[in-house]
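Worksheet: the structure to be examined is printed underneath.
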Amino acid sequence: MTKKLLYLIFLLSLFFSQAQQNQEFKITKDYFDYQRLMLNNEFKKKFDSETNYEEKRSIKENFSEFMVKLDSIQNTAFIATLIKVKNREDLDRIASRKTTIDHAENPQKQMLNEQATYPGGFETLRKQVADLFYSDSVLPGQKLLKTSVVFVVEKDGSISSVRAEGDNFTFNRQAEIAIYLLPEKFSPAVVNGTAVRYRFRLPLAMNFE
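So the sequence shown is residues -19 to -1, 1 to 190, counted in mature numbering (1 follows the signal peptide of the UniProt record, and there is no 0).
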């Protein structure tokens, strides 16, 4: 148990060092990462100082319960952040009237010298989205769920305007949150040596059996 706690603390320290795609989500995630770090420390102190086996098991169970509750509270905060970000982006889009090159639909796609790419490639992108997905939000009884996430890769490699298009609202919302939480920026699309905004489509499917 002690090794697991130390490993979890180590992972959290890595999370602190990574750059988030979106500042609002970064602030929210950093806050909850810090809360987890503090809880880890407190439970580890109690666990290490306890000699009774039954008490150690109770501490371990309490720790697990706290983490589950904290995950749920964090997800509620992420949903609120998602609403805030979407509202801001909608207002920005109306005000700026920015244009994008669509890699799937725009007839000008042949002008692209380089498409937008994620560090490690498409499979790394899918894996990170799956790892960031809060599956506890999906209702019991759901099996295979699918969605297609469309978002804009900005000129600096950050992302915006994330929209998931699928039949399950909750699944769509969690997919959007996971995209905003990606730890790395994209390499932007390039046309004639100049970075351009680029509309990216990522199909997602998850089996909850």
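Backbone N, C-alpha and C define an ideal beta-carbon position, used for all residues, glycine too.
Residue j beta carbon less than 7 Å from that of residue i
i	j	result
Ser118	Glu146	no
Asn149	Leu126	yes
Asn56	Tyr115	yes
Ile158	Leu63	yes
Lys136	Ala176	yes
Gly138	Phe167	yes
Phe189	Lys124	yes
Residue i: first and last residue of the uninterrupted alpha helix (DSSP H) it sits in
i	result
Val131	That residue, Val131, is in no alpha helix (DSSP H); its beta strand (DSSP E) goes 125 to 134.
Thr105	103 to 113
Glu23	4 to 30
Glu157	150 to 161
Beta-carbon separation (whole angstroms), residue i vs residue j, contact threshold 8 Å
i	j	result
Ser142	Phe132	6 Å
Glu5	Lys65	6 Å
Phe59	Thr9	6 Å
Leu183	Leu106	7 Å
Where the beta strand (DSSP E) through residue i begins and ends
i	result
Tyr34	First-last for Tyr34: 34 to 77, but that is the alpha helix (DSSP H), not the beta strand (DSSP E).
Arg182	179 to 188
Ser142	140 to 147
Ala97	That residue, Ala97, is in no beta strand (DSSP E); it is neither H nor E in DSSP.
Val172	170 to 172
Alpha-carbon spacing of residue i relative to residue j, whole angstroms
i	j	result
Asn43	Ala61	27 Å
Arg154	Val49	20 Å
Lys26	Glu70	44 Å
Ala170	Asp73	21 Å
Leu163	Val110	7 Å
Leu185	Ile160	11 Å
Gly101	Glu23	36 Å
Phe13	Val172	39 Å
Thr32	Asn68	53 Å
Glu165	Asp11	15 Å
Asn3	Gly174	26 Å
Ser45	Gly122	24 Å
Arg178	Lys41	48 Å
Ala156	Lys7	17 Å
Tyr15	Met187	29 Å
Arg144	Asp52	23 Å
Lys108	Met92	30 Å
Val134	Ser30	50 Å
Arg17	Ile54	12 Å
Is the stretch 96 to 116 touching the stretch 28 to 36, taking contact as three or more C-beta pairs under 8 Å? Using a C-beta cut-off of 8 Å, the stretch 96 to 116 makes no contact with the stretch 28 to 36, since fewer than three inter-stretch Cβ pairs fall below that distance.
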